[in-house]
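Student: Pasting a structure here, questions to come.
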Amino acid sequence: MKRISNFSHSVEVFFRELSGNRKTGTAVPQRRLGVALGGGFARGMAHIGVLKVLEEEKIPIAAIAGTSSGAIVGAGFCSGMSAEEIAELGRYLRFKDVARWTLERGGFCSNDRLGELLTRACPCKNFSELRIPLAVVATELISGQPAVFREGSISDAVRASCAYPGMFTPMQINGVLHVDGMLSYEVPTTPLRQMGVDCVLGVHLQSRWNRPRAPRHFFDVIGQCFAIAQTRMSLQWVQDADLLLEPDVGGFAFDDFARISELISIGENSMRAVLPALKQVLGIVDLSKIETKPNRAPMGKTPAIEPVA
-9 MKRISNFSHS VEVFFRELSG NRKTGTAVPQ RRLGVALGGG FARGMAHIGV
41 LKVLEEEKIP IAAIAGTSSG AIVGAGFCSG MSAEEIAELG RYLRFKDVAR
91 WTLERGGFCS NDRLGELLTR ACPCKNFSEL RIPLAVVATE LISGQPAVFR
141 EGSISDAVRA SCAYPGMFTP MQINGVLHVD GMLSYEVPTT PLRQMGVDCV
191 LGVHLQSRWN RPRAPRHFFD VIGQCFAIAQ TRMSLQWVQD ADLLLEPDVG
241 GFAFDDFARI SELISIGENS MRAVLPALKQ VLGIVDLSKI ETKPNRAPMG
291 KTPAIEPVA
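At position 2 of the sequence shown (counting the first as 1) the number is -8 in the numbering used here, and the numbers step up by one without a gap.
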């Protein structure tokens, strides 16, 4: 009897949740979604718009992998911050809030202020505390091998992922120097695939190298060289994506933090444009659109019984 009682309770809970999902219009995916957020410095604020749409559509995210600015946004979201909370923090963000001029041998700036910002803003400090699994991608400077962080300090891993060569000094973790993850995975679809998700959504923010725009300063020259190299080596991460999203952020500079509202809108619009395709890939059933018929007569009424001949 105890087993039957437990079974009855499970059935009751299932139908209660099903009824609740139908009322709220919750999307029920048949496949687990992972989101790979690429780098792009200030352009990474467009990731907030992408996550905001997934949040509004109630599409659950099973895991996130982030490179550079994608790691910053991913760390906040996986810590339990909403897209709007991340946006609110970003509206007051400027280059001086994440960088400190040092003119050291390894780079012009230190990103220690970025680490301090993450420590203050993120509800979680360690990967083990995260609500959603997160992978942060950096590159080992000496060996040139990818470094995928899934344990330890979140702020240290993100700082390593954001250590843009020439701009920021390399980040040392466990005695190993690390630089920007974009040297390994511009969009970290491959590490995300290894986290066991069924569907990978890759978000690529880097402006195309062939856009005619003269470099304004040293950092533009480095950025242009990065873009050229990454365009040539993009084949692998593209192949590991089930769906590729490319918000048009080419008109934004690396330090355009003041234009965050525009970047978020671009991310939102790009995500909404591919929503039908994403839902199809995920096999999503929208319970709010399912018509149900009662399987028994209303209370107080007895169904008619045909006489037996």
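Every residue, glycine too, gets a C-beta built ideally from N, C-alpha and C.
If you compare alpha carbons, which of Gly24, Gly134, Pro178, Met157 is closest to Ile122?
Tutor: The shortest C-alpha separation from Ile122 is found at Gly24.
Student: Relative to the C-alpha of Leu268, which residue among Leu131, Glu78, Lys48 is closest?
Tutor: Nearest option by C-alpha distance: Lys48.
Student: Assign Gly241 to one of two classes, buried (16 or more other C-beta atoms within 10 Å of its C-beta) or exposed (fewer than that).
Tutor: That one is exposed.
Student: Closest to Gly171 by CA distance: which of Glu141, Gln135, Gly142 is it?
Tutor: Nearest C-alpha to Gly171: Gln135.
Student: So the candidates are Arg183, Gln226, Val190, Cys189; which of them puts its Cα closest to the Cα of Leu173?
Tutor: For the residues Arg183, Gln226, Val190, Cys189, the minimum Cα distance to Leu173 belongs to Gln226.
Student: Could you work out which residue in Leu131, Ala77, Val177 is closest to Val166 when comparing CA atoms only?
Tutor: Taking only the C-alpha atoms, the option nearest Val166 is Leu131.
Student: Would a C-beta distance cut-off of 8 Å place Leu235 and Pro19 closer than the cut-off?
Tutor: Contact flag unset, no.
Student: To which residues of the same chain is Ala128 closer than 6 Å at the C-beta, ignoring the five residues directly before and after it?
Tutor: If we look at Ala128 and ignore the five residues flanking it on each side, its Cβ neighbours are Ala137, Ala150, Ser151, His168, Gly171.
Student: Taking the alpha carbon of Asp102 as the reference point, which residue from Ala147, Gly70, Gln270 has its own alpha carbon closest?
Tutor: Closest option to Asp102, Cα to Cα, is Ala147.
Student: On the criterion of 16 or more Cβ atoms from any shown chain inside 10 Å, does Ser133 qualify as buried, or is it exposed?
Tutor: Under this definition Ser133 is an exposed residue.
Student: For the beta strand (DSSP E) containing His168, name the first residue and the last one.
Tutor: Looking at the DSSP string, the run of the beta strand (DSSP E) that includes His168 is 166 to 170.
Student: Here's a check: name, in chain order, each residue in its chain whose Cβ is nearer than 8 Å to the Cβ of Arg262, leaving out the five neighbours to either side.
Tutor: Closer than 8 Å at Cβ, skipping near neighbours: Val43.
Student: Should Cys104 and Val63 be called a contact, given that it needs their Cβ atoms to be closer than 8 Å?
Tutor: Note that residue 104 is Leu in the sequence shown here, rather than Cys. It is not a contact, given that the beta carbons lie outside the stated cut-off.
Student: Check Leu120 in the structure and name its three-state DSSP category.
Tutor: The answer is coil: DSSP assigns Leu120 none of H, G, I, E or B.
Student: Near Pro113, what residues of its chain come up, given a Cβ to Cβ distance below 6 Å and the 5 sequence neighbours on each side ignored?
Tutor: Ser69, Gly70, listed in sequence order.
Student: If Glu163 and Ala65 are in contact, beta carbons under 8 Å, what's the gap, nearest whole angstrom?
Tutor: Per the sequence presented here, residue 163 reads as Ile, with Glu not at that position. Not a contact, Cβ separation roughly 15 Å.
Student: Where do the ends of the beta strand (DSSP E) carrying Val138 lie?
Tutor: Looking at the DSSP string, the run of the beta strand (DSSP E) that includes Val138 is 136 to 139.
Student: Taking the straight line between their C-alpha atoms, what separation do you get for Ala55 and Gly186?
Tutor: Approximately 12 Å, taken between the alpha carbons.
Student: Where does Tyr82 land, buried or exposed, given buried means 16+ other C-beta within 10 angstroms?
Tutor: Result: exposed.
Student: Give the C-beta separation of Ser58 and Gly34 to the nearest angstrom, bearing in mind that I take them to be a contact with Cβ-Cβ under 8 Å.
Tutor: Rounded, the Cβ-Cβ distance is 7 Å, consistent with contact.
Student: Short check: CB of Ala32 to CB of Asp245, under 8 Å?
Tutor: Going by C-beta atoms, Ala32 is nearer than 8 Å to Asp245.
Student: Helix, strand or coil: which one does DSSP assign to Gln162?
Tutor: Correct three-state label for Gln162: strand.
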